[in-house]
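**Student:** Below: one structure in C-alpha cells.
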Amino acid sequence: MALRVRFAPSPSGYLHIGGARTALFNWLWARKLGGTFVLRVEDTDQERSNPESVRAIFDALRWLGLDWDEGPEVGGAFGPYFQSERRALYREVAERLIANGAAYRCDLTKEELDQLRADYKAKNPKGEFVYRGPVRECTDPTKPHVVRFRVPREGATHFVDKVFGAISTPNSEQSDFVLMRSDGFPLYNFAAVVDDHAMGITLVARGRDHVGNTPQQVLLYKALGFEPPEFAHLPLMLAANGEKLSKRNASVGVQDYRDRGYSPGGVLNYLVRFGWSHGDQEIFSRDELVKLFDWDRVGKSDGKFDEKKFADVQFEHLKRPELTSSEDYASMVAPFLAARGLTAPDGARLAAAIPTIRDRAHTLVEAADLLDFFLREPPVMDEAARPLLTPATAPYLETLKMICVETEPFAAPALEARFKAWVESSGIKMKDVAQPVRVALTGRKASPGLFDVMVVLGRKATLDRLDRGIRIATGS
RNA sequence: GGCCCCAUCGUCUAGCGGUUAGGACAUCGGCCUCUCACGCCGGUAACGCGGGUUCGAUUCCCGCUGGGGUCACCA
C-alpha cells in the first residue's frame, strides 16, 4: 500500500516549533519513500479554532518548505480537508456504532459526570475513576446527548509503535470516552480515526503526548472493522527547565524564528536533530535529510530545547554557500533590508557583499545590518566612529586614494600589498591606520576586511567615500 | 495518585558485551588578526543506584530512584 502520512494541526494559535517538528518527520518520510503528505485541519473545537491561525499555520509550513500534496488550497481526492466540513461523515459513522452496539447515547451532563468523579475521588483518593455507562439510558435521541464508545471491560489493547515498540494498556483503565459532543461536533479521537481511515493514512506520526490516545483509537478501528495504520510517536521537546514547551518558557512559534532572521533550513536542521541522529553529523541539507531520515534512528527519550545550539545550527546554514546559495541568501535577507528602508538595493553589489558577511551574520537580521553600509550611499556615519577621523588621519586616506587610482586590476590582493608596503615603509602600524580607513569606507568601527570592502564597493564608490572621509577628518 | 514511557558530559547525541566512552553546542584557556567575526589548537565535563547474567557490563534482565506524558462534551 502506498505510503500516506498526515499532519493534522488544530488552528488555535501559531505553528508551534514542536508541531513543525512533527510535520517535518512526516514530510521527510513521505518525500523519502515517494509517499503522500496530507495536511488536514482539525477545527472541531468551535471555541478555539480561528481563521487567523489557519493562515498562520499554512504560512509557516510554506516558509519551512514543508509542502503538502493534499489538503487545503491544493485539493485532493479525499477532501474536504477541514474537519468542520466533514461532520456528516462523523455523524454517519457514529450512528453505525450505535446501531451495532459499540456506542451508546448518554445524556449525563458534564456537571453530573464531574460530580460522579468527585464522589469517587472522595472515597478512593488513590484510585482511577473510570466511567462505565450507561448509568442512565438515553431513550430520546432528540434530547441533548453525547455519544460514548463502549470500552471492553476486559483485556488489554496493544499496538506496536515504530519508535517505542510494543505498548499495551489494560482496558479496565479506559473510560467510555465521548465520540460526539452534544453540539454535534466530533471529539478528537473519533474524528482522527474516521479521517485517517477515510483518507487512507498508513502511518500516524505525532508527539509522544498522544500515546494515551492511541489505545482508544485502536479500539475504534477494531469496532469499525478498519485496519489500524502504523503508529510512530516522537519523544517530546521540553523547555530548558524540563517543563512542557510553552510560550511561558520559550519562543515557541515558528514565526518567532522567522522574524528573528533564522533560515528555514536551519530551523529544520535543528528540529530534525532533536530526537534523530545520523552518526556524528550535525549539519544536513534538506536533500540529505530526505535521503537519510529513518525511524530506526529516532531516539526514545525526551529532550530539552536549547536556544544556543539552535542558533548555532542555523548560523551554519547561513554561513555555508552549499546550504544557502547567494541567490537564496539575497532573497531571504531582502525583507530585512526592506525593513530598514533598503527596498531596491543594487543587486550586483548585494551579491558581491554577501560572501564578506557570511561569517559575521548569525541571523538575517544581523546580515541586513552588516549589509547596510554597502548598499547605502553615502553610508550612515556611526557617531561613535566619527571621532576616529582626526585631521592626522587625512594623509592615510590621501595615500590610499592614490593607490586606488593606480592599482590595476582593482582587486584585494594587489590593493592590500601596495597599501601594506606603504604603511610599513612609513613606520606606521597597520592597526593605527586601518581604523580611520574603515570609518571612512563604512562609517563603522567594525566591518569585513578593508580590501574586500573596497572591491565590493568598486573603485568609484571607494574613492568617493575616501574623499568624504577626508572632508570629515579635516573638518572641511 | 492510576496507567504509559524514558534514563551517556550542563544541552543535543554516538555507542547496539571488551573503546583512553566519540562528536556538536555551551564553557574555560591559547593561536590567527586591519576591526568585528570566522577559523584553528587545547582544557574541564557523562554512563543515576542496587542486584543479577557473563571470563567481562555503559551495553542484556530485575528492582529502586529520578524525570516526563496522560487521565475533558481540548487537540
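Every number in the working numbering is 123 more than the matching position in the first sequence, counting from 1.
The C-beta atom is built at its ideal place from N, Cα and C for all residues, glycine as well.
Helix or strand or just coil, what does DSSP make of P351?
**Tutor:** coil
**Student:** Measure from the alpha carbon of R472 to the alpha carbon of each residue in D495, W152, R483 and H485, then state which is nearest.
**Tutor:** D495
**Student:** So, is P264 buried or exposed, given that buried needs 16 or more other C-beta atoms within 10 angstroms?
**Tutor:** exposed
**Student:** Considering only the beta carbon of each residue, do D237 and R273 sit closer than 9 Å?
**Tutor:** No. Outside cutoff.
**Student:** Report the residue from K155, V456 and A183 whose alpha carbon sits nearest the alpha carbon of G136.
**Tutor:** A183
**Student:** Which same chain residues, not among the five before or five after A321, have their C-beta less than 7 Å away from its C-beta?
**Tutor:** Here the set comprises F201 and L212.
**Student:** Looking at the unbroken beta strand (DSSP E) that takes in H281, where does it start and where does it end?
**Tutor:** A279 to D284
**Student:** List the endpoints of the continuous alpha helix (DSSP H) containing C527.
**Tutor:** Per DSSP, C527 belongs to the alpha helix (DSSP H) from A517 to E529.
**Student:** Which residue wins for smallest C-alpha separation from T466, given the options L394, R499, Y243 and S291?
**Tutor:** R499
**Student:** Let me confirm a value: F181 is counted as buried when at least 16 other C-beta atoms fall within 10 Å, else exposed. Which label applies?
**Tutor:** It counts as buried.
**Student:** Tell whether a beta-carbon distance below 9 Å holds between R600 and L394.
**Tutor:** A question about residue 600 goes unanswered here, because the residues of the chain that appear run from 124 up to 599.
**Student:** So D168 packs on S133, CB below 8 Å; how close in whole Å?
**Tutor:** 7 Å
**Student:** Can we say the segment 213-225 touches the segment 301-314, given the rule of at least three CB pairs closer than 8 Å?
**Tutor:** yes
**Student:** Tell me which same chain residues have a C-beta within less than 7 Å of the C-beta of G194, skipping the five on either side of it?
**Tutor:** Taken in chain order, the residues that qualify are V161, L162, R163 and Y204.
**Student:** May I have the straight-line CA-CA distance separating R255 from G330, to the nearest angstrom?
**Tutor:** If you take the alpha carbons of R255 and G330, they lie about 28 Å apart.
**Student:** Assuming contact is defined by CB atoms lying nearer than 9 Å, are F602 and G581 in contact in what I supplied?
**Tutor:** Outside the displayed range of the chain (124 to 599) lies residue 602, so it cannot be described from this structure.
**Student:** My understanding is that A453 touches I477, with C-beta atoms under 8 Å, so please give their C-beta distance in whole angstroms.
**Tutor:** A453 to I477, Cβ: 6 Å. Contact.
**Student:** Looking at C-alpha atoms only, which residue of V556, D435 and E411 is the closest neighbour of A484?
**Tutor:** When V556, D435 and E411 are compared, the shortest CA-CA separation from A484 is found for D435.
**Student:** In the DSSP assignment, the alpha helix (DSSP H) including Y380 goes from what residue to what residue?
**Tutor:** V377 to D382
**Student:** Bridge partners of G198, per DSSP?
**Tutor:** G194
**Student:** Three-state secondary structure (DSSP) at L357?
**Tutor:** strand
**Student:** At the level of alpha carbons, what is the spacing between L523 and D482?
**Tutor:** If I take the Cα positions, the gap works out to 26 Å.
**Student:** Within 10 Å of its beta-carbon, does I551 have 16 or more other beta-carbons around it, so buried, or fewer, so exposed?
**Tutor:** exposed
**Student:** So, helix, strand or coil for Q437, using DSSP?
**Tutor:** helix
**Student:** Does DSSP put K244 in a helix, in a strand, or in coil?
**Tutor:** helix
**Student:** Checking 9 Å against the spacing of the C-beta atoms, do F397 and R144 come in under that value?
**Tutor:** For F397 and R144, yes; Cβs fall inside 9 Å.
**Student:** Rounded to the nearest angstrom, what separates E529 and G566 at their Cα positions?
**Tutor:** 24 Å
**Student:** Check whether the segment 416-425 and the segment 351-359 are in contact - that is, three or more C-beta pairs closer than 8 Å.
**Tutor:** yes
**Student:** Anyone know if the C-beta pair for N294 and R276 falls short of 9 Å?
**Tutor:** yes
**Student:** CA-CA distance, A457 and E411?
**Tutor:** Cα to Cα, A457 sits roughly 27 Å from E411.
**Student:** Quick one: grab the DSSP three-state call for M504.
**Tutor:** coil
**Student:** From R154 to M303, what does the alpha carbon distance come to, in whole angstroms?
**Tutor:** 35 Å
**Student:** So F416 packs on W152, CB below 8 Å; how close in whole Å?
**Tutor:** 7 Å
**Student:** Under DSSP, the beta strand (DSSP E) around G470 begins and ends at which residues?
**Tutor:** First-last for G470: G470 to I480, but that is the alpha helix (DSSP H), not the beta strand (DSSP E).
**Student:** The beta strand (DSSP E) spanning V301 covers which residue range?
**Tutor:** V301 to M303
**Student:** Could you name the residues that DSSP lists as bridge partners for G141?
**Tutor:** BP columns for G141 are empty, so no partner.
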